[in-house]
Amino acid sequence: MYFDGVAYQRGTRVWTIFLTPQQDLLPFSFSLSHNCSNNVVEYQSLILGLEAATELNIHQLEIFKDSQLVINQLMRPRRLEIAPYRLSTIWKTLEDLQKRVDIRRRALQFLYYNDTLFRRSFGEILLRCLSNAKAAQAMSEAHSGVWGAHQSGAKLHFQIKRMGYYWPTMVKDCMDYERSCKPCQFHANFIHQPPEPLHPTTMSWSFDSWGMDMVGPMLELAEENIYILAATDYFSKWAESVALLSGRKEEVADFIESNIIYLYGVPRCIITNNGKSFDNKFIADLFAKFKLRKYHSSMYYLQANSLAEAFNKTLCNTLKKVVNKSKKNWHEKMEEALWAYRTTHRMLTQATPCALVYGVEVVLPLEVQILSLRMVVNEGFPQEEPCNLGCKSWTHLTSSGFKHDKDYWSRISKSYNKKVRQCSYQVGVMVLAVKRPIYTLRKNAKMVPK
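Heads up: the sequence shown begins at 1 in full-length UniProt numbering, then just goes up one per residue.
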């Protein structure tokens with residue numbers, strides 16, 4: 001046993017620490033109600049330590065102290081007059097002294113009056129303590145009773161506390177009760193926080209993976225092209241698109257062969273949605289012929305193929321601004337919109353798609369009309385020198401584009417993952433399973449569950 005004490009102006013404090021043979025520590029701290037000197041405090045700490053040892057039924061005890069005066073007096077055979085240390089009935093029934101101290105501290109917050117237990121709140125208002133059965137009744141009435149408003153768990157806890165009731169686990173119980181309410185689950189707002197961290201798709205070279213999507217119908221006119229089939233390379237952001245009349249599977253297969261495989265080689269995979277134009281036996285045979293991998297985006301989360309969706313938005317926004325008033329010539333302006341997209345600087349790669357694919361920026365009409373610096377400089381080089389510079393430039397652009405792409409997705413993932421709300425489920429946990437079609441015709445939508 002180690003003991004010590006200190007006296008200061010506002011009172012005295014004593015400490016006692018027991019070290020068990022298993023090297024466990026049992027610390028105790030006491031406050032004395034009267035002021036005394038430092039020597040008296042050390043004697044009081046020794047006495048309280050001996051009383052605690054008696055309560056713990058310790059039969060063999062070694063005492064350590066840096067004060068020779070106290071130790072020498074303890075070694076003399078003498079009888080110690082120890083004042084009785086009175087404890088309440090509930091304190092004596094507990095075996096763990098730490099729990100005794102905790103109960104004694106918390107007991108000051110409670111009041112027993114007329115056979116009813118009350119708890120003092122922060123505003124010095126007495127809250128009636130409820131049993132488990134009455135707590136369940138209070139939550140049921142406050143949440144879904146005659147005057148209940150089906151509040152959230154936090155508001156339900158605040159409402160019950162305002163009415164003057166309390167029990168130790170009321171915050172957790174109110175949250176669990178609100179989660180188990182079926183009407184609240186059916187009509188609750190959607191949780192837009194992502195349940196999983198972001199898993200970005202990072203490619204190492206051009207034309208390794210493509211994202212495909214069908215846009216339309218643009219204009220429903222007879223004998224006119226009304227669909228756009230678009231494909232975007234995941235690394236260089238190079239895009240290919242074609243106007244289609246009906247978007248049949250034969251047209252999709254011809255686009256994959258003519259505009260992707262025969263121009264840029266066989267890719268590793270192509271990502272599409274679950275539309276009938278992409279998910280059929282005809283397309284499956286084509287993929288098996290060239291040993292292509294086909295991945296589908298989730299039906300309930302079409303944004304998984306985000307690159308194709310982003311290009312579709314850019315292409316449509318560009319076509320809106322260049323078509324005539326009748327908007328019938330949109331398919332004639334599509335090549336111009338494609339060229340504008342390919343020659344536009346992409347923030348993701350810090351380069352244009354043309355530069356990443358061909359290793360050099362394309363010559364724009366303005367550079368011919370008003371000679372730019374590179375047009376003037378290239379005229380002074382020998383014929384083979386621009387080719388050597390172009391090869392070095394392409395190598396640098398490719399490595400730089402990969403680095404910028406990786407850094408960009410690293411920043412996006414860091415920002416996205418801050419909003420993640422992890423969801424984990426164990427076997428036996430009840431969950432609300434929603435089974436519905438992707439697109440629904442909502443009639444009387446104000447009263448229909450979400």
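From the three backbone atoms N, C-alpha and C, an ideal C-beta is built for every residue, glycine too.
The model shown is predicted, which means the values in this text are computed figures rather than measured ones.
7 Å Cβ shell around residue i - same chain, five flanking residues per side excluded
i: R268; result: D208, S209 and R293
i: G184; result: According to the sequence provided, residue 184 is Cys. The question's Gly does not apply to it. So the qualifying residues of the chain are H150 and E178.
Inter-residue CB distance, residue i and residue j (contact presumed, cutoff 8 Å)
i: S214; j: G275; result: For clarity, residue 214 is Met in the given sequence; the question names Ser instead. Between G275 and M214 the Cβ distance is about 6 Å, and since that is below 8 Å, they are a contact.
i: L315; j: A351; result: Not quite, the Cβ-Cβ distance comes to about 20 Å (not below 8 Å), so this is no contact.
i: C174; j: H150; result: That pair is no contact at about 12 Å.
i: F122; j: F110; result: In fact, because the Cβ distance is near 14 Å, the residues do not count as touching under 8 Å.
i: Y416; j: L198; result: 4 Å
i: S258; j: L356; result: At roughly 22 Å, the Cβ-Cβ gap does not stay under 8 Å, so S258 and L356 are not in contact.
i: M334; j: S241; result: 6 Å
i: A308; j: M212; result: 6 Å
i: P200; j: I412; result: 7 Å
i: F28; j: T20; result: With a Cβ gap of about 14 Å, F28 and T20 do not count as contacting.
i: D233; j: S277; result: Not quite, the Cβ-Cβ distance comes to about 20 Å (not below 8 Å), so this is no contact.
Backbone CA spacing between residue i and residue j [nearest angstrom]
i: E141; j: T116; result: 21 Å
i: E361; j: E367; result: 11 Å
i: M139; j: R120; result: 21 Å
i: H59; j: R106; result: 31 Å
i: L364; j: K419; result: 43 Å
i: Y425; j: L229; result: 40 Å
i: S372; j: T343; result: 16 Å
i: W339; j: W238; result: 10 Å
i: E62; j: L108; result: 35 Å
i: F290; j: V252; result: 15 Å
i: D176; j: I191; result: 17 Å
i: K65; j: V41; result: 13 Å
i: F30; j: A7; result: 12 Å
i: E124; j: M347; result: 60 Å
i: D285; j: S246; result: 21 Å
i: I256; j: N280; result: 14 Å
i: M1; j: L48; result: 11 Å
i: L26; j: A52; result: 10 Å
i: L432; j: N132; result: 27 Å
i: residue 453; j: S326; result: Past the boundaries of the shown model lies residue 453; the chain is included only from 1 to 450, so the question cannot be answered.
i: E95; j: H143; result: Residue confidence for E95 is low, a pLDDT of 49 falling below 50, so the modelled location carries little weight and cannot support an answer.
i: G148; j: L130; result: 19 Å
i: A222; j: G216; result: With a pLDDT of only 44 at A222, under the threshold of 50, the placement of this residue in the model should not be trusted; the figure read from the coordinates follows. Their Cα atoms are separated by approximately 15 Å.
i: N189; j: Q23; result: 54 Å
i: Q44; j: K99; result: 23 Å
i: N57; j: Y113; result: 36 Å
i: V101; j: G5; result: 18 Å
i: I103; j: K155; result: 29 Å
i: E55; j: F18; result: 13 Å
i: K321; j: S410; result: 34 Å
i: T169; j: V429; result: 21 Å
i: T349; j: A231; result: 18 Å
Short CB-CB distance (under 7 Å) between residue i and chain B
i: A243; result: Here chain B cannot be found, since the structure has a single protein chain.
Beta-carbon spacing of residue i, residue j below 7 Å
i: Y227; j: L244; result: yes
i: K249; j: F287; result: no
i: C354; j: P195; result: no
i: Y295; j: I260; result: no
i: A136; j: W167; result: no
i: D50; j: F3; result: Sequence check: residue 50 is Leu here, not Asp. In this structure, F3 does not lie closer than 7 Å to L50 by Cβ.
i: L127; j: G153; result: no
i: V171; j: H157; result: yes
i: R421; j: Q193; result: yes
i: S297; j: N273; result: yes
Spatial neighbours of residue i in its chain, beta-carbon cut-off 8 Å, leaving aside the 5 residues before and after
i: V323; result: N329, W330 and K333
i: T318; result: A337, A340 and Y341
i: H345; result: A351 and T352
i: T427; result: Residue identity differs from the one stated: residue 427 is Val in this sequence, not Thr. Contacts found: none.
Same chain, Cβ closer than 6 Å to residue i, five either side skipped, listed in chain order
i: V266; result: F290
i: K161; result: none
i: K414; result: none
The stretch 3–16 in contact with the stretch 27–37 per 3-pair CB rule at 8 Å: yes
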